[in-house]
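Colleague: All residue numbers for the sequence shown refer to this note's numbering, where the first residue is -6 and numbers rise by one. Please read through the structure below; I'll follow up with questions.
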Amino acid sequence: MNNTRQAGVLMPLASLPSRCGVGDFGKASYEFADILHEMGASIWQILPLNPLGYGNSPYQPYSSFAGDPLYISLEKLWEDGLLDQEPEAFGEDSASIDYQGVRAHKEPYLRRAFTRFVPDENYEEFASQDWVYQYAVFITLKNKNGGVCWLDWEEDDRNWIQEQKGDFPEELEEEIQYQMFLQYTFFCQWMELKSYVNGLGIRVMGDLPFYVGLDSLDVWANAKNFLLDENFRPTYIAGVPPDYFSPTGQRWGNPIYDWDYMKKTDYRFWTERIGYNKALFDIVRIDHFRAFDTFWKIPADCPTAMDGEWVEAPGYEVFDQLLKLYPEIEIVIEDLGMLRPEVGVLRDHYGFKGMKIYQFSLDPKEENNDFPDRENLILYTGTHDNQTIKGWYLGQEEDVQEGVDQILEKKGCREPKIAHRFAEAVMQSVAQLAVITVQDILDLGDEARINTPGTVGSPNWEWRIANLEGLKKEIPVIRKIFVRTDRI
-6 MNNTRQAGVL MPLASLPSRC GVGDFGKASY EFADILHEMG ASIWQILPLN
44 PLGYGNSPYQ PYSSFAGDPL YISLEKLWED GLLDQEPEAF GEDSASIDYQ
94 GVRAHKEPYL RRAFTRFVPD ENYEEFASQD WVYQYAVFIT LKNKNGGVCW
144 LDWEEDDRNW IQEQKGDFPE ELEEEIQYQM FLQYTFFCQW MELKSYVNGL
194 GIRVMGDLPF YVGLDSLDVW ANAKNFLLDE NFRPTYIAGV PPDYFSPTGQ
244 RWGNPIYDWD YMKKTDYRFW TERIGYNKAL FDIVRIDHFR AFDTFWKIPA
294 DCPTAMDGEW VEAPGYEVFD QLLKLYPEIE IVIEDLGMLR PEVGVLRDHY
344 GFKGMKIYQF SLDPKEENND FPDRENLILY TGTHDNQTIK GWYLGQEEDV
394 QEGVDQILEK KGCREPKIAH RFAEAVMQSV AQLAVITVQD ILDLGDEARI
444 NTPGTVGSPN WEWRIANLEG LKKEIPVIRK IFVRTDRI
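Structure below.
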């Protein structure tokens, strides 16, 4: 493998095929890894695997440490003897994820497996981590209170985290143990899959959101790390001002960090959060990196993100502390958008790879379209937040399409499918890592778009493929592109 020029593929785990309507740690994930290996890819980039929160967004999770039981493979539970019969299929051929339906289908099987589970030393070691029991309590009390945000729980439940004392009734304690079992099962199945992927010479790039959701263990257990009022409600929230995606900005609603308090604790919240992700992934991608330099601070009572201010953050102090604890960690960062020069200085000070989107460089409406000439970079055809290449191309005026065609022709990119021509152009670049999405490998249109920033709910995060046959057919052309551009 040429270690200086690598090719990666972006594919959310949830979008993979399975017999249960959502990608999981089962057979298809291993087959997908085999496909990446045959193509010659050396990086598999995924989205966060944490418990999905509001709008089924992986960027609004209930915890930065816990995994979503959604991804647990029932087939593997059956193979391991924790189920007495092969699970029935659900939504196997669907082109979209029915999250509620999948959870309802999997739940009885997961509870059945729990009754057969016998804890061992490995389980006891995993369960000894503070977050495991805390998260199990969090999700148990959340369910007990009808699924509402922890701010609206019964008072005793809401305040439990402050002292963590007192026994729970037997039925709640049993539920807490069940939730711990789910986290252990998630961890074991994921690490087994990751080991297989690594054995093929492929590294996994995980994804860590900059902010955490208000309705999360992160905030419930660490309230002092956030700007909250006396009732634990945010005084300021996160987002970004008006940009390419939204004329009124994006009002994300996440609570803002109390950086002054964090400094007193040596930024432990951040070092523990990133450190745990280091154990799960080979590369940690940090989303919205620019907020380590300056972040958009919106008063919580503002209905849009238009009213706010840029505030400086102690990025150097955070990363100095992090790298002192984890000197071998490999971090890459998302640094897209209109940024002040200091963001690039912060990035380059630590040698982090930033990102560029090739689609933007050819879009006349996109202002941040300078094409990079630096090697320490990840260049994408597009990401989970972009249109697919085919969808974008077909939506352009004829003169823009002709200009794109001419640029690609000059580069010698002559594959029949437009997304493949884009892929070759990206792979030709000087960027050390070039990444293409599975949608672009399949040359799909906007029906395969994963997320539209600034919008919430269906069809965001619901796209999936029902089988891997189409992807297998594209192995020869993608491998040819990787070879031609010296990425293998």
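Each residue gets a CB set at the ideal place from its N, CA and C atoms; glycine is no exception. Every value quoted in this text rests on a predicted model; they were computed, and no experiment measured them.
What three-state label does DSSP hand V53 in the structure shown?
Modeller: Rather than Val, the amino acid found at residue 53 in this sequence is Gln. In this structure, Q53 counts as coil in the three-state DSSP scheme.
Colleague: Would you kindly work out how many angstroms separate the C-alpha atoms of E164 and R151, rounded to a whole number?
Modeller: 19 Å
Colleague: What does R472 pair with, by DSSP beta-bridge criteria?
Modeller: In DSSP, R472 forms no bridge with anything.
Colleague: DSSP three-state call for L29: helix, strand or coil?
Modeller: helix
Colleague: Using alpha carbons as the reference points, say which of N369, D366 and T374 lies closest to Y351.
Modeller: T374
Colleague: Compute the distance between the beta-carbons of T483 and L464, then report whether it is under 9 Å.
Modeller: Because the chain here runs from -6 to 481, residue 483 falls outside it and cannot be looked at.
Colleague: Among the residues of its own chain, which have a CB less than 7 Å from the CB of F345, if the five just before and after it don't count?
Modeller: I324, V325 and I326
Colleague: Measuring CA to CA, which of D378, K410, F131 and A26 is closest to S188?
Modeller: A26
Colleague: Between which two residues does the alpha helix (DSSP H) harbouring V338 extend?
Modeller: P334 to H342
Colleague: Go through its chain and collect everything with a Cβ distance to L3's Cβ below 6 Å, but skip five positions before and after it.
Modeller: Q38, V428 and T430
Colleague: Could you work out which residue in V338, F107 and K256 is closest to V311 when comparing CA atoms only?
Modeller: K256
Colleague: Could you give the first and the last residue of the continuous beta strand (DSSP E) run that contains A293?
Modeller: Segment: none, A293 is in no beta strand (DSSP E) and carries neither H nor E.
Colleague: Check each candidate in L220, I90, P234 and K20 and name the one with the smallest Cα separation from G450.
Modeller: I90
Colleague: Report, in whole angstroms, the separation of the C-beta atoms of A120 and M173, which I expect to be a contact under 8 Å.
Modeller: 6 Å
Colleague: Within the stretch 212 to 268, note down every full alpha helix (DSSP H) run reaching 4 residues or more, in order along the chain.
Modeller: The qualifying runs are 252 to 257.
Colleague: Is the Cβ-Cβ distance between M331 and D236 less than 9 Å?
Modeller: yes
Colleague: To the nearest angstrom, report how far apart C13 and F83 are at their CA atoms.
Modeller: F83 has its alpha-carbon roughly 5 Å from the corresponding atom of C13.
Colleague: Just the Cα atoms here: how many angstroms apart are P469 and I481?
Modeller: 13 Å
Colleague: What residue range does the beta strand (DSSP E) around Q(-1) cover?
Modeller: Element bounds for Q(-1): Q(-1) to L3.
Colleague: First and last residue of the beta strand (DSSP E) that includes D200?
Modeller: R196 to L201
Colleague: Could you name the residues of the same chain whose beta carbon sits closer than 7 Å to that of G19, not counting the 5 residues immediately before and after it, in chain order?
Modeller: Within the same chain, G19 has close Cβ partners S11, S66, E68 and K69.
Colleague: Where does F274 sit, in a helix, a strand or coil, going by DSSP?
Modeller: coil
Colleague: What residues in its chain sit with their C-beta under 8 Å from that of N(-5), if we drop five residues either side in the sequence?
Modeller: Its pLDDT being 42, under 50, N(-5) is placed unreliably in this model, and the value from its coordinates should be taken loosely. Once the five neighbours on either side are set aside, the close Cβ partners of N(-5) are D479, R480 and I481.
Colleague: Is the distance from the Cβ of D200 to the Cβ of P44 below 9 Å?
Modeller: no
Colleague: For W183, which residues from the same chain have a beta carbon less than 8 Å from its beta carbon, with the 5 sequence-adjacent residues on both sides left out?
Modeller: F18, L42, G60, Y64 and L273
Colleague: Buried or exposed for A97, please, with buried defined as at least 16 other CB atoms from any protein chain shown within 10 angstroms of its CB.
Modeller: exposed
Colleague: Restricting to runs no shorter than 4 residues, where is the alpha helix (DSSP H) found entirely within the stretch 388 to 439?
Modeller: 391 to 403, 411 to 421 and 431 to 434
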